[in-house]
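Numbering (the numbering used here), first residue to last: 806 to 1259.
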């Protein structure tokens, strides 16, 4: 309870204000330390409604776990740990005639001394506390009818199965759903690629992201330059005579990251147009015959940076905060038409996107333009197996270096950003995270002349 009568959730130096509530609601919320039955939130009294609002706000900030508890054994069966903001347990209804099977994206692994069930599609992970449940999950690698499961497993928990179904850990089998899991775009994803995409970005897991120095107390850092091999050394400076650096070599050496921008002298629309035209516009398009027997004709394009198989799966989305001649907002860069197309995104979403970039860079303010590099994943995975996502990341690296060199050549500032929130992007664009989503970010603008670069 705060001095002004509001309630805050506090952890160390971090706090979240949850609003003002009555003393009885505050006292009852104290039971969350050991567990508060969801049924206690269902009342119609003012007290019950207040408690429900308080718990929902905690859930919105990802501050709740959910326990499936066995009163008979006085132990947890499963503890559900939300991975996305606002997760709320909603058991799907199951009938005796339903047939269910584990999603091909669900996996059970050891975490410390625990077993956890996870999926990149799920909004929560399930900590398995009862070995019997793990055995039931193993049986669900094959389609199982609910009526048959009830006979085989005496302690079958339908609420748990309903929660797993709601989280896409389980799917209903039938009508080809086991192949596409209800979404044909998922057919194009290998298991390891979708796991890596969701776990190496923000938005769909609750693990620490970025410079956490998790192993600082375990082992020393590796040296900046690898120690030489012990073999015979050929000194290359003696092979090539000294000569003036070419313009391109000078450009490479002048490339640097700019994290702070001159908002009194922002980038201009004409400069942005030149930057995008130099780095990313479509230069040509063509069609090719089928790559495989009986396959369809494939279209290709050429752009200023290299791309795996000429797929050019990357798309650019620009969050504009300060650009002379261009209104604040979110835009998609139409590389074929060399045009910007406005996307209806809320001011709150744009602010969240810019603040995350500012924090990731350790900057003193938001970037003038934040370029989110998104991938149309199916454009690559339609052809390539096992290496699709790694090829996308290689293409991102090529594009970011192209951004850096062009910004340097134009006298602009730029900075690659290592994190992106795939759930926030999905909310802003309405695109499913596994259809088209962020794989990189780049801040662009006019850098401050004094002390703005490193």
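From the three backbone atoms N, C-alpha and C, an ideal C-beta is built for every residue, glycine too.
Roughly how many whole angstroms lie between the Cα atoms of residue i and residue j?
i	j	result
residue 1205	residue 998	21 Å
residue 1100	residue 1093	11 Å
residue 1239	residue 1245	15 Å
residue 814	residue 828	15 Å
residue 1048	residue 1169	40 Å
residue 884	residue 928	14 Å
residue 931	residue 1166	33 Å
residue 844	residue 1180	43 Å
residue 973	residue 906	10 Å
residue 1113	residue 809	58 Å
residue 1042	residue 1050	14 Å
residue 902	residue 1189	39 Å
residue 821	residue 1035	56 Å
residue 1265	residue 971	Summary: the structure shown does not reach residue 1265, with the chain confined to residues 806 through 1259, and so no result is reported for it.
residue 1119	residue 1110	11 Å
residue 993	residue 1187	6 Å
residue 1082	residue 1217	15 Å
residue 1135	residue 1002	23 Å
residue 846	residue 864	13 Å
residue 1258	residue 1028	Interpretation of residue 1258 is limited by its pLDDT of 43, a score under 50 that renders its predicted location unreliable; the figure taken from the coordinates is listed afterwards. Taking the straight line joining both Cα atoms gives about 24 Å.
residue 1125	residue 1061	22 Å
residue 878	residue 918	20 Å
residue 824	residue 812	6 Å
For a quick check, are the C-beta atoms of residue i and residue j less than 9 Å apart?
i	j	result
residue 1175	residue 1198	no
residue 922	residue 899	no
residue 1172	residue 1080	no
residue 842	residue 870	no
residue 873	residue 881	yes
residue 1141	residue 1087	yes
residue 852	residue 912	no
residue 966	residue 976	no
residue 1063	residue 1219	yes
Between which two residues does the alpha helix (DSSP H) harbouring residue i extend?
i	result
residue 1082	1074-1084
residue 857	851-865
residue 820	Segment 819-825 is the beta strand (DSSP E) holding residue 820; no alpha helix (DSSP H) there.
residue 1004	996-1004
According to DSSP, what are the bridge partners of residue i?
i	result
residue 1106	1090
residue 1246	1177, 1222
residue 1295	Only positions 806 to 1259 of the chain appear in this structure, which leaves residue 1295 out of reach.
residue 950	904
residue 887	929
residue 1127	None; residue 1127 has no bridge partner.
residue 1252	1066
residue 1148	1135
Would you give the residue range spanned by the beta strand (DSSP E) that residue i belongs to?
i	result
residue 1166	Here residue 1166 belongs to no beta strand (DSSP E); instead the alpha helix (DSSP H) covers 1152-1166.
residue 920	919-923
residue 1137	1134-1139
residue 989	From DSSP, residue 989 is part of no beta strand (DSSP E); its letter is neither H nor E.
Counting Cβ pairs, one atom from each stretch, are 3 or more of them under 8 Å apart for the stretch 1042-1058 and the stretch 1088-1108?
Touching, no, given that fewer than three Cβ pairs across the two stretches are closer than 8 Å.
Check whether the stretch 1118-1133 touches the stretch 1073-1089, taking contact to mean three or more Cβ pairs, one atom from each stretch, closer than 8 Å.
Taking 8 Å as the limit for Cβ pairs, the verdict is that the stretch 1073-1089 does touch the stretch 1118-1133.
Flag this pair as touching only if the stretch 1208-1227 and the stretch 1003-1020 have three or more C-beta atom pairs under 8 Å; answer yes or no.
Result yes; three or more Cβ-Cβ pairs closer than 8 Å.
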